[in-house]
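Line by line, the protein sequences give chains A and B. Each residue of the first sequence is one higher than the one before, counting from 3 in our numbering. Each residue of the second sequence is one higher than the one before, counting from 2 in our numbering. Note that the Cβ used here is the ideal one computed from N, Cα and C, for glycine as well. A short worksheet on the structure shown next.
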Amino acid sequence: DAGITQSPRHKVTETGTPVTLRCHQTENHRYMYWYRQDPGHGLRLIHYSYGVKDTDKGEVSDGYSVSRSKTEDFLLTLESATSSQTSVYFCAITDSIGAYEQYFGPGTRLTVT
Amino acid sequence: KNQVEQSPQSLIILEGKNCTLQCNYTVSPFSNLRWYKQDTGRGPVSLTIMTFSENTKSNGRYTATLDADTKQSSLHITASQLSDSASYICVVSGGLTGGGNKLTFGTGTQLKVEL
């Protein structure tokens with residue numbers, strides 16, 4: 003998984019609770035991404051980062067926030083989890099804006115009850 | 002709206018047989034097309050990446066083709082193995098944004114290889 007770890011790998015939480023997922027990379031890549039994967043949908047981009055403290059929204063950003071205080075860490079926060087946020091979340095990295103290759107982490111399965 | 006459609010949704014083949022997966026896209030502008038393999042419980046892993054000017058690319062037993070005129074791609078798997086059982090995802094890049102390549106993902110073809 004190209005030097006990318008995600009934690010936790012599995013989490014069950016209740017509606018209304020805050021949740022933070024962590025993506026950690028050892029590749030020193032500049033760009034980091036959070037996707038969600040749901041049955042019947044392709045992976046969809048939630049947020050991305052193009053540098054430390056530089057982030058922007060993807061196509062399904064409502065209900066999510068992100069932070070990147072170090073090159074190696076990209077955090078995804080669900081301020082108040084809802085059942086519609088039950089999903090598998092993937093982090094991805096790439097080293098330059100024009101690079102074709104995106105490397106994906108192992109994923110975090112989140113269940114909101 | 003940019004879309005990537007894959008067929009079939011699922012496929013079962015016998016070990017040693019060949020198979021072909023299809024991808025049709027309506028992404029514009031077009032930059033490149035990728036095929037990923039995703040094992041159960043793992044993240045996607047890149048198999049091939051093709052730009053507009055490439056119409057064939059191989060990676061071992063995997064061969065991808067691209068027809069940019071008809072906006073179709075295929076992934077051919079030769080002499081399938083049990084380890085080929087996975088979801089195969091077609092991804093099309095529609096150019097660059099501030100975050101890099103703007104990607105549209107297909108929903109994948111679930112392949113099962115049986116003895």
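Asked	Found
Straight-line CA distance for B/A80 to B/E16?	7 Å
So, at 7 Å on beta carbons, what are the nonlocal neighbours of A/Q5 in its own chain, with the 5 sequence-adjacent residues on each side left out?	For the record, residue 5 of chain A in the displayed sequence is Gly; it is not Gln. Q27, T28 and E29, listed in sequence order.
With distance defined between alpha-carbon atoms, name the residue in B/N19, B/G96 and B/L34 nearest to B/G107.	B/L34
For B/P9, go through chain A and note every residue whose CB falls closer than 7 Å to its CB, in chain order.	Here the premise fails: no neighbours, minimum Cβ distance about 15 Å.
Applying a beta-carbon distance threshold of less than 8 Å, which residues of chain A neighbour B/F31?	Result: empty, since nearest Cβ-Cβ is about 13 Å, beyond 8 Å.
Cβ closer than 7 Å: which chain A residues qualify as neighbours of B/F106?	G44 and L45
By how many angstroms is the C-alpha of A/V14 removed from the C-alpha of A/L47?	22 Å
Does the stretch 82-98 of chain A come close enough to the stretch 30-39 of chain A that 3 or more CB-CB pairs lie under 8 Å?	yes
Under the rule that 16 or more other beta-carbon atoms within 10 Å means buried, what is B/S94, buried or exposed?	buried
Against B/S47, what residues of chain A qualify as contacts under a CB-to-CB distance less than 7 Å, listed in chain order?	E103
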